[in-house]
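A.B. asks: In the working numbering, the protein residues as written are 1025 to 1471.
Quick reminder that beta carbons are idealized off the backbone N, C-alpha and C, glycines included.
A quick note: this is a predicted structure, and the numbers were derived from the prediction, not measured.
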Amino acid sequence: MQASRNSPSTVGSKLPKKHLVAASAVAFCLIGVISLLPSKNVQAKRNIIAVELPTDSQVLTTLSSPAIDSLDKPSSASTAPIWQQTTIASGDNLSSIFKRLGLNASDVYAVANTSTEQRPLQRLRPGEHIAICLNDVGRLAQVKYTRSSLEHYLYERNENGFQGTKVVLQPDLLPTYKTAIINNSLSFDASRAGLSQGKVMEIANIFGWDIDFALDIRNGDEFSVLYDEKFLNGQKVGTGDILAATFSNQGTSYSAVRFVEQDGSINYYTPDGKPMRKAFLRAPLDFTRISSNFSLRRKHPVHKRIKAHRGVDYAAPRGTPVFAAGDGKVIASGYSKANGNYVFIQHGGKYVTKYLHLTKRLTRKGKHVSQGKAIGTVGSTGYATGPHLHYEFLVNGVHRNPRTVKLPDAKTIAKSQRKEFFAQTTPLLNQLGQHNGILLAQANLHD
Ligand SMILES: [Zn+2]
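1. Using only alpha-carbon positions, find the residue among Leu1210, Leu1418, Gly1343, Gly1396 that is nearest to His1381.
2. Excluding the 5 residues flanking Ala1307 on each side, which residues of the same chain have their C-beta closer than 6 Å to its C-beta?
3. List the residues that DSSP assigns as beta-bridge partners of Val1132.
4. At a cut-off of 8 Å, would you count His1423 as near ligand 1, judging by its Cβ distance to the nearest heavy atom?
5. In the DSSP assignment, find the beta strand (DSSP E) that holds Glu1253 and state where it starts and stops.
6. Whole angstroms is fine: what's the gap from Ser1100's alpha carbon to Ile1266's?
7. Distance, Cα to Cα, Leu1456 vs Arg1143?
8. Would you be able to state if there are at least three C-beta pairs under 8 Å between the region 1245-1259 and the region 1203-1210?
9. Looking at His1412 and Asp1310, is the spacing between their C-beta atoms short of 9 Å?
10. Please list the segments of the beta strand (DSSP E) lying wholly inside the region 1382-1428, counting only runs of 3 or more residues, in order along the chain.
11. State the Cα-Cα distance for the pair Pro1426 and Val1402, rounded to the nearest angstrom.
12. Which residues does DSSP pair with Val1376 in a beta bridge?
13. Just to confirm, is the Cβ distance from Asn1542 to Thr1383 under 9 Å?
14. Using DSSP with H/G/I as helix, E/B as strand and the rest coil, what is Ile1205?
15. Three or more C-beta pairs closer than 8 Å, one from the region 1159-1166 and one from the region 1174-1181: is that the case here?
16. Going along the chain, which unbroken runs of the beta strand (DSSP E) with 3 or more residues stay wholly within the region 1164-1213?
17. First and last residue of the alpha helix (DSSP H) that includes Lys1430?
18. So what does DSSP say about Asn1513, is it helix, strand or coil?
19. DSSP three-state label for Arg1442, please.
20. Using a Cβ-Cβ cut-off of 6 Å (strictly less than) and excluding sequence neighbours within five positions of Phe1271, which residues of its own chain qualify?
21. Put Phe1304 into one of helix, strand or coil per three-state DSSP.
22. For Thr1263, which of helix, strand or coil comes out of DSSP?
23. Could you tell me if Tyr1379 is buried or exposed, where buried requires 16 or more neighbouring beta carbons within 10 angstroms of its beta carbon?
24. Suppose you measure from the CA of Thr1312 to the CA of Phe1212; what does that come to, to the nearest Å?
25. Any heavy atom of ligand 1 within a distance shorter than 8 Å of the CB on Gly1400?
26. Please report the residue range of the beta strand (DSSP E) in which Gly1222 lies.
27. In whole angstroms, what separates the C-alpha of Ala1136 from that of Leu1193?
28. Using 8 Å as the cut-off, classify the Cβ of His1392 as near or not near the heavy atoms of ligand 1, replying yes or no.
29. Between the C-alpha atoms of Leu1060 and Gln1108, what's the straight-line distance to the nearest angstrom?
30. Taking Leu1174 as the reference, which of Val1191, Phe1122, Leu1118 has the closest Cα?
31. Leaving aside the five residues before and after His1414 along the sequence, list all residues of the same chain whose C-beta is less than 6 Å from its C-beta, in chain order.
32. Can at least three beta-carbon pairs, one atom from the region 1255-1262 and one from the region 1275-1295, be found at a separation below 8 Å?
33. Tell me the DSSP secondary structure of Arg1321 in three-state form.
34. Cutting at 8 Å between CB atoms, please list the residues of its own chain near Ser1130, excluding the five before and the five after it.
35. Could you tell me how far apart the beta carbons of Tyr1177 and Gly1185 are, in whole angstroms, since I believe they sit closer than 8 Å?
36. Work out the CA separation of His1459 and Ile1072 for me, nearest whole Å.
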């Protein structure tokens, strides 16, 4: 992926450029926006705010000069319409939003039936924004549906109804490097290094096949990460993919690098081209929810004796989702006095995973589940004093330690893709390596 200049790219039906009706409506709305600023003539309704719109749309900014000119005549400012914006709440649809904004059912119908590629107004998500602008006779002239600072839809009235345009802005990408040594917890030290919790989860998702982030993180572990930050007109608007990362866990180092596959999907590989993704998750639950580590050799909380323990216990709050460790078929989902609510999953002919003491089971016997699917929630049913997940991993019917068992090695990237792989990944690894003071790219692995 390359950094590109800020420019809107439109898809779907395009606005007729220089269309007189649309243009005058746009100019009129801008008068309203600008006139709002000095007068503070804010129409405050519940959850509706008058806002300055849209600075990021080329369609509108190209028309701003005449609007600013007309501001010199103050008489037009007092009656000028304004943009009104509302934030989408959970349960909202276009009808409820338009009603809140004082619009009627025919407006809803006209805008909702505007043909854009994927009818985005039918898939509103809480937290997004919708803004409207009326024309000089109080009719709906424009609707702006903002999905993010980089993506919005603009609906504008023409003589046939409304026309919709999707506007996607391309941010500038700036690779950013962060590193931390863990002294407190991964979340704490990563946050102190300037990483968001989202990025911590991305790191855990990349390395979570090799490292059990719930139980195996120790003081002195360290990581480094190179990722894109996104900028629009000099303003940071978000972060992009992790490009390359290293994680050193209890003295063992792992490296991963991003590869954009031919179909555009993104996967992470070791520097020599083995996928980071494995057939099984190391820990079948969200590590950020783990409350404390259990000792592996401890008195059983119920039987008050050292019990030969055949699994791993993860203490986590009641209700924490439990994931299928790998793709498989549910061979048991039931309740017993000792296990409480339990789920067993068969993975191919060789592997079985077991999940005990669940509060709720979210699957049934015979169901096929994919890796990472929630199959239940953490609880304390059966012989358990506190909420925890008891997790077992069996290979050919024999209990193995899921945290250390050797899992089948994934295949190295196809020979036909190796050239492209190294062309993409070597610069990223070199960049991370320069920051780390180590050259990670293995030149001798090239074909
Ligand atoms: Zn246990």
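C.D. replies: In brief:
1. Your numbering for residue 1381 matches position 357 in the sequence shown. The candidate whose alpha carbon is nearest that of His1381 is Gly1343.
2. Indexing the sequence shown from 1 puts residue 1307 at position 283. If we look at Ala1307 and ignore the five residues flanking it on each side, its Cβ neighbours are Asp1236, Ala1238.
3. Counted from its first residue, the sequence shown places residue 1132 at position 108. Note: Val1132 sits in no beta bridge, so no partner.
4. The residue given as residue 1423 occupies position 399 in the sequence shown. No, Cβ of His1423 sits at least 8 Å from all heavy atoms of ligand 1.
5. In the sequence shown, the residue the question calls residue 1253 occupies position 229. Element bounds for Glu1253: 1246-1256.
6. For this step, residue 1100 is matched to residue 76 along the sequence shown. For this step, residue 1266 is matched to residue 242 along the sequence shown. Residue placement at Ser1100 is poorly supported in this model, since its pLDDT is 44, which falls under 50; the coordinates still yield a value, given next. About 51 Å.
7. Position 432 of the sequence shown, counting from 1, holds the residue named residue 1456. Position 119 of the sequence shown, counting from 1, holds the residue named residue 1143. The alpha-carbon atoms of Leu1456 and Arg1143 are separated by roughly 41 Å.
8. yes
9. Here residue 1310 refers to the residue found at position 286 when the sequence shown is read from its first residue. Here residue 1412 refers to the residue found at position 388 when the sequence shown is read from its first residue. Result no, Cβ atoms of Asp1310 and His1412 do not sit closer than 9 Å.
10. 1398-1402, 1412-1419, 1422-1424
11. As a working note, residue 1426 is residue 402 in the sequence shown. As a working note, residue 1402 is residue 378 in the sequence shown. Roughly 18 Å separates the two Cα atoms.
12. Position 352 of the sequence shown, counted from the start, is the residue given in the question as residue 1376. In DSSP, Val1376 forms a bridge with Gln1370, Leu1418.
13. Residue 1542 is absent from the structure shown; the chain starts at 1025 and stops at 1471.
14. If you number the sequence shown from 1, residue 1205 lands on position 181. It is a strand residue.
15. yes
16. 1164-1172, 1175-1182, 1185-1193, 1196-1205
17. Here residue 1430 corresponds to residue number 406 of the sequence shown, with the count starting at 1. No alpha helix (DSSP H) contains Lys1430, which DSSP labels as neither H nor E.
18. The structure shown does not extend to residue 1513, since the chain is modelled only from 1025 to 1471, so the question has no answer here.
19. Counting from 1 along the sequence shown, the entry for residue 1442 is found at position 418. Correct three-state label for Arg1442: helix.
20. On the sequence shown, residue 1271 is found 247 positions in, with the first residue counted as 1. So the qualifying residues of the chain are Phe1231, Phe1247, Tyr1278.
21. Indexing the sequence shown from 1 puts residue 1304 at position 280. The answer is coil: DSSP assigns Phe1304 none of H, G, I, E or B.
22. Position 239 of the sequence shown holds residue 1263. Residue state, collapsed to three classes: strand.
23. The sequence position of residue 1379 within the sequence shown is 355, counting from 1. Buried, because 16 or more other Cβ atoms sit within 10 Å of the Cβ of Tyr1379.
24. On the sequence shown, residue 1312 is found 288 positions in, with the first residue counted as 1. On the sequence shown, residue 1212 is found 188 positions in, with the first residue counted as 1. Computed Cα separation, rounded: 11 Å.
25. For the purposes of this step, residue 1400 is taken as residue 376 along the sequence shown, with counting starting at 1. Checking the Cβ of Gly1400 against ligand 1 gives no.
26. Here residue 1222 refers to the residue found at position 198 of the sequence shown. Where Gly1222 is concerned, there is no enclosing beta strand (DSSP E), although the alpha helix (DSSP H) it sits in stretches over 1221-1231.
27. Along the sequence shown, read from residue 1 onward, the residue named residue 1136 stands at position 112. Along the sequence shown, read from residue 1 onward, the residue named residue 1193 stands at position 169. Looking at the two C-alpha atoms, the distance is approximately 23 Å.
28. Position 368 of the sequence shown, counting from 1, holds the residue named residue 1392. Checking every heavy atom of ligand 1 against the Cβ of His1392, none is found closer than 8 Å.
29. Walking along the sequence shown from the start, residue 1060 turns up at place 36. Walking along the sequence shown from the start, residue 1108 turns up at place 84. Confidence in Leu1060 is poor, its pLDDT being 37 and thus under 50, which makes the residue's placement too unreliable to answer from.
30. Counting from one through the sequence shown, the residue named residue 1174 turns up at place 150. Among Val1191, Phe1122, Leu1118, the Cα nearest to that of Leu1174 is on Val1191.
31. In the sequence shown, counting from the first residue as 1, residue 1414 sits at position 390. Closer than 6 Å at the Cβ level, and outside the excluded window around His1414, lie Gly1335, Asp1337, Leu1380, His1381.
32. no
33. Counted from its first residue, the sequence shown places residue 1321 at position 297. Confidence is the limiting factor: at Arg1321 the pLDDT is only 41, short of 50, which leaves the residue's position unreliable, though a coordinate-based value still follows. Here Arg1321 sits in coil by DSSP.
34. Numbered from 1 along the sequence shown, position 106 holds the residue referred to as residue 1130. Contacts found: none.
35. For this step, residue 1177 is matched to residue 153 along the sequence shown. For this step, residue 1185 is matched to residue 161 along the sequence shown. 15 Å between Cβ atoms; not a contact.
36. Stepping through the sequence shown from its first residue, residue 1072 is reached at position 48. Stepping through the sequence shown from its first residue, residue 1459 is reached at position 435. Confidence at Ile1072 is low in this model, with a pLDDT of 48, below 50, so the placement of that residue is unreliable and no value is reported for it.
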